[in-house]
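Enquirer: I am attaching a structure below and will ask some questions about it afterwards.
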């Protein structure tokens, strides 16, 4: 059934009171308004909002209506609404595997010709940021916003209180764990219910132990790619950390959406946290004098003794990505392109992003840092990003949604100690290339 | 609520006529052996289990976030504040309330109306093959967890261009409410003495007139019960809004609650204020209609 | 339709009018039928159809034969979800039934305070499962919850982070919400037991315990079946509560079939396999309903509906 009957019902439905009512949500009532969805959570939400507001002020005839949604809900909703043919004009995302599924379903515009016509727009941005926007040689998204490497944060106050130094190796980490536990402080905060938070740990351990090739083999769908001994070693080390009570009690029921994991760090209930660069901004907003008072420490993930990976490597989001829905009207598409050309990462926007303590993906952005109150952190992030031999994209974004779901599921089980590293490898090998 | 999915096994015995008639005879009920200590202990214990969390929710919702961690969680706040409620109200909850109201009223009235008509037809014309078929179909609907059909419902709503609209929530809600409503209403219509129908017929009244002037007034308590029950189920519904809507301005209360706690889970008092606030309308209804609901449900389900 | 009634008002209706009037009845059932077919029956057939397709929720729906079924049936996660579903069903039944009977028997007493108790008991049933789950999530939080605030170590558990604890919490919250409802059903059942049975037993010198086991319990047989059917079939639909409370976690410890379906369909964009799980869910529901009806020893619905 499905299609024919649905269509038959649709015939009755159009005579109903609200035909095609859906688009009405965020101003789809009139076709001259483009729609745009993005992630909520301050301070990034504010920057995104103000960029749209500035654009709307400058373009009274072509407006953008925006909707802010939470991370986990957004990931589901955006897929559902695209499937329902009611995608927003501008689709915010992380590029990679998810973008690929949109492309395969013919849901997003090919922006290659547009970038060719507007080389100035393209040349301003980091060349490396286009990787995750490019599918089979064509560009389907405009890289935007900031690069977000994953950073190891720590609470300096707590370190002083316990009288220990920040870790310089995996062995240091394992040695710190019992000391913090003895002091009644959780060594690491973790919003484990969100699952991708757990994944960041594996991304680094895989890289530090075996180098970026290990996951690249998975991404390239090589048979039994997860069986690499480095992978098994990384998974085992991770479980050792869990068994040593390295993570805060109840981590698997904490969600990252609410920033509860960050609250644990700045309230001193946890000593360290591995998290995205964007959390610097939210801790600055929510954490009282935690950031401004200089109590927040940060570093790149330390090396693992004997590991092959380059300790300068990092993982995370090389940028955020804006695509245009192919279902949008020509007018909406024009508005979106104008927004891309004039409002996304213009000077004002770059300044705002830098103000949140993040590095915009614009060439020469570092010149704007010197005067910023977050200069230290910005230079640190810029340094990581520019020195990294590899800036690997987050696994769940690189893979297709189906494969990502299996991965996240198995990662959650691994952290729960309900499967062994070997079982993880077996489960994941079974879905390679799906 | 899971109650919508029932196979509706009923008892032949009638109950609703019983309650008060036997009161005198029943004075010696099982209590004649002296107090029922076990039952008493369990019932007071259960009261505590029910009340303590509710009490905690309510008092915490009046605490300031800063004092929440510092004070004994089971003591009422020394300086009660309405700030949490203000925050919830300012987070568009009035809009979500209106959405919930539109969906509930928009679904319950048609659901009860069409169910009543169908129940009447099934009882009065039960011999016809068509109506027997309809009846079996509804009975089958009772045994099936309708949540399982959410994916095709999603697809149909998309194809109808009703995705992300309140009407798109209303239509499936009506359909999901029909089987149980028909079953309960049919049971009550069946209890209307045949002679009354016969005398209506002799007066020359048509089926529609009989339905409106005889069956409906006589089964009013059942209609009210079914209405309250469906209203409760739809008001509290979560899966349909979760799957069939996307924009914040189409959220119903349970979905809004979920989003709100996702965003503010660190602020426990505010989250609990949102829980209290969204539950108030139902509690108010309960205070007004509790007798109807309790006796109606007992009758409907143990019939 | 009122035109049918006017001409027949006076005296006995002529045969023609009776025939016309009889024609109204089936039409009365049509609106309910249309709605139920459109959003109940068609989706039911649709879910079967979709289980033989591959659809990622974004693009075209394509027939793919048994691919989805093979994927689902070959996946150990399915067995796990089935197992969790079954466990939730059995354990929640085993917890709720004795408690509900006990409370129901007690509430059947006519003392006024017992009626007040019944009114209070009922409150949890009125709240949405989303609201209940959110409140318990806050209450049980090991860092910010009630236990942490009271500094009672016994209460500071990783309630939702340990598989067994999380499962127990789900059962507890389900019981918290639904025991009152089932007590009410049992209360109704107990009040229907003829007093003469108890009087006869008292003459034989039976004590309370013996009366309970030899009269009350056997007499409640059909009430138990009704209540159990509601519990068992209802337990297949604990989606809201688990989705909000644990999201199926920790890892997959509380991932019941309904949740598995949602996650595969709407999060992993695999509508085909998700539909296959939905079909399994429907089959389990039907099988259970039939089984319980068989246990009842009679086809209660059919006899009642058709014997009208």
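Residue numbers (full-length UniProt numbering), protein chains in the order written: chain A, 1 to 434; chain B, 1 to 303; chain C, 1 to 308. Glycine residues also receive a C-beta, built at the ideal position from the N, C-alpha and C atoms.
1) Taking DSSP as the reference, what is the three-state secondary structure of residue 360(A)?
2) When we look at the beta-carbon of residue 117(C) and count the other beta-carbons within 10 Å, is it buried (16 or more) or exposed?
3) Flag this pair as yes or no: are the beta carbons of residue 217(A) and residue 225(A) separated by less than 8 Å?
4) So, at 6 Å on beta carbons, what are the nonlocal neighbours of residue 85(C) in its own chain, with the 5 sequence-adjacent residues on each side left out?
5) For residue 299(C), count the other beta carbons within 10 Å of its own beta carbon; 16 or more makes it buried, fewer makes it exposed. Which is it?
6) Does residue 237(C) have its Cβ less than 8 Å from a Cβ in chain B?
7) Hey, out of 282(B), 39(B) and 68(B), whose CA is closest to residue 149(C)'s CA?
8) Which residues of chain B have a Cβ atom closer than 9 Å to the Cβ of residue 217(C), listed in chain order?
9) Using the rule of at least 16 other Cβ atoms within 10 Å of the residue's Cβ for burial, across every protein chain shown, is residue 77(A) buried or exposed?
10) Are the CB atoms of residue 74(B) and residue 56(B) nearer to each other than 8 Å?
11) In chain order, what residues of the same chain have a beta carbon less than 6 Å from the beta carbon of residue 404(A), not counting five sequence neighbours either side?
12) Could you run through the stretch 388–421 of chain A and flag, in chain order, every residue whose CB is less than 7 Å away from some CB of chain C?
13) In angstroms with no decimal places, state the Cα-to-Cα distance between residue 78(C) and residue 134(B).
14) In terms of alpha-carbon separation, which member of 194(A), 237(A) and 323(A) lies closest to residue 250(A)?
15) Give me the residue from 33(A), 94(A) and 125(A) with the minimum Cα distance to residue 360(A).
16) I want to see whether chain B comes within less than 8 Å of residue 69(C), judged by CB atoms only; does it?
17) Which residues bound the beta strand (DSSP E) around residue 187(A)?
18) Closer than 8 Å is the cut-off here; do at least three beta carbon pairs connect the stretch 247–263 of chain B with the stretch 84–92 of chain B?
19) Three or more beta-carbon pairs under 8 Å between the stretch 85–97 of chain A and the stretch 287–295 of chain B, yes or no?
20) Return the residues of the stretch 250–263 of chain A that lie within a Cβ-Cβ distance of less than 8 Å from chain B, sorted by chain order.
21) Is there at least one Cβ from chain C nearer than 8 Å to residue 147(B)'s Cβ?
22) By the three-class DSSP mapping on this structure, what secondary structure does residue 91(A) have?
23) Since residue 364(A) meets chain B, which of its residues come closer than 8 Å, beta carbon to beta carbon?
24) What residue ranges within the stretch 102–145 of chain B form continuous alpha helix (DSSP H) runs of no fewer than 4 residues, ordered along the chain?
25) At a CB-CB cut-off below 9 Å, which residues of chain B make contact with residue 118(C)?
26) With a threshold of 8 Å between beta carbons, is residue 39(A) in contact with chain C?
27) If we count the other Cβ atoms within 10 Å of its Cβ and call it buried at 16 or more, is residue 113(C) buried or exposed?
28) Within the same chain, show all residues whose beta-carbon is closer than 8 Å to that of residue 18(B), passing over the 5 residues directly before and after it, in chain order.
29) How big is the Cα-Cα spacing for residue 146(C) and residue 175(B)?
30) Suppose you measure from the CA of residue 122(A) to the CA of residue 115(A); what does that come to, to the nearest Å?
31) Hey, does residue 288(B) have any beta-carbon neighbour from chain C nearer than 8 Å?
32) I want to verify the contact list: residues of chain C whose CB lies under 7 Å from the CB of residue 195(B), in sequence order.
33) So residue 345(A) is in the beta strand (DSSP E); what residue range does that whole segment cover?
34) Verify the CB distance criterion: does residue 77(A) have a CB-CB separation below 8 Å to chain B?
35) Got a sec: is the Cβ-Cβ distance from residue 102(A) to anything in chain C below 8 Å?
36) Return the CA-CA distance between residue 334(A) and residue 142(A), expressed in angstroms with no decimal places.
Expert: According to the structure shown:
1) The three-state secondary structure of residue 360(A), taken from DSSP, is strand.
2) By the neighbour-count criterion, in which a residue is buried when 16 or more other Cβ atoms sit within 10 angstroms of its Cβ, residue 117(C) is buried.
3) Yes; because the gap between Cβ atoms is below 8 Å, this pair is in contact.
4) If we look at residue 85(C) and ignore the five residues flanking it on each side, its Cβ neighbours are 256 and 257.
5) Legend: pLDDT at residue 299(C) = 43, less than 50; position of this residue unreliable, value from coordinates given subsequently. The residue is exposed, with fewer than 16 neighbouring Cβ atoms inside 10 Å.
6) For residue 237(C), the answer is yes, since a Cβ of chain B falls inside 8 Å of its Cβ.
7) Each of 282(B), 39(B) and 68(B) was checked against the Cα of residue 149(C), and the nearest Cα belongs to 68(B).
8) Ordered by position in chain B, no residue passes the 9 Å Cβ test against residue 217(C), which lies about 12 Å from the chain.
9) Counting the other CB atoms within 10 Å of its CB gives residue 77(A) a total of 16 or more, which places it among the buried residues.
10) Yes.
11) Apart from sequence neighbours up to five positions away, the residues of its chain that approach residue 404(A) with a beta-carbon distance below 6 Å are 396, ordered along the chain.
12) When C-beta distances to chain C are compared with 7 Å, the residues of the stretch 388–421 of chain A below that value are 401, 402, 405, 409, 412, 413, 416 and 418, in chain order.
13) Distance from the CA atom of residue 78(C) to the CA atom of residue 134(B), rounded to whole angstroms, is 34 Å.
14) If we check each option's Cα against that of residue 250(A), 194(A) comes out closest.
15) When only C-alpha atoms are compared, the closest one is 125(A).
16) Taking Cβ atoms only, chain B never reaches closer than 8 Å to residue 69(C), which makes this a no.
17) Here the beta strand (DSSP E) through residue 187(A) covers 186–189.
18) Taking 8 Å as the limit for Cβ pairs, the verdict is that the stretch 84–92 of chain B does touch the stretch 247–263 of chain B.
19) When Cβ pairs closer than 8 Å are counted between the two stretches, the stretch 85–97 of chain A is seen not to touch the stretch 287–295 of chain B, the count staying below three.
20) Residues passing the 8 Å Cβ filter: 255, 257, 258, 259, 260 and 263.
21) Under the Cβ criterion of 8 Å, residue 147(B) is counted among the residues facing chain C.
22) DSSP places residue 91(A) in strand when its eight states are reduced to three.
23) The premise fails here: residue 364(A) is roughly 36 Å from chain B at the closest Cβ pair, so nothing lies under 8 Å.
24) Counting only runs of 4 or more, we get 129–143.
25) Correct list: 294.
26) For residue 39(A), the answer is no, since every Cβ of chain C falls outside 8 Å of its Cβ.
27) Counting Cβ neighbours within 10 Å, residue 113(C) comes out exposed, since fewer than 16 surround it.
28) With a pLDDT of 39 at residue 18(B), under the threshold of 50, the modelled position of that residue is not reliable, and no figure is offered here.
29) Rounded to whole angstroms, residue 146(C) to residue 175(B) spans 41 Å at the Cα level.
30) Distance between the alpha carbons of residue 122(A) and residue 115(A): 6 Å.
31) Closer than 8 Å: no.
32) Simply none; closest approach about 15 Å.
33) Unbroken run through residue 345(A): none, as it is neither H nor E.
34) With its beta carbon less than 8 Å from one in chain B, residue 77(A) belongs to the interface.
35) Judged by the 8 Å Cβ criterion, residue 102(A) is in contact with chain C.
36) Approximately 14 Å between the Cα atoms of the pair.
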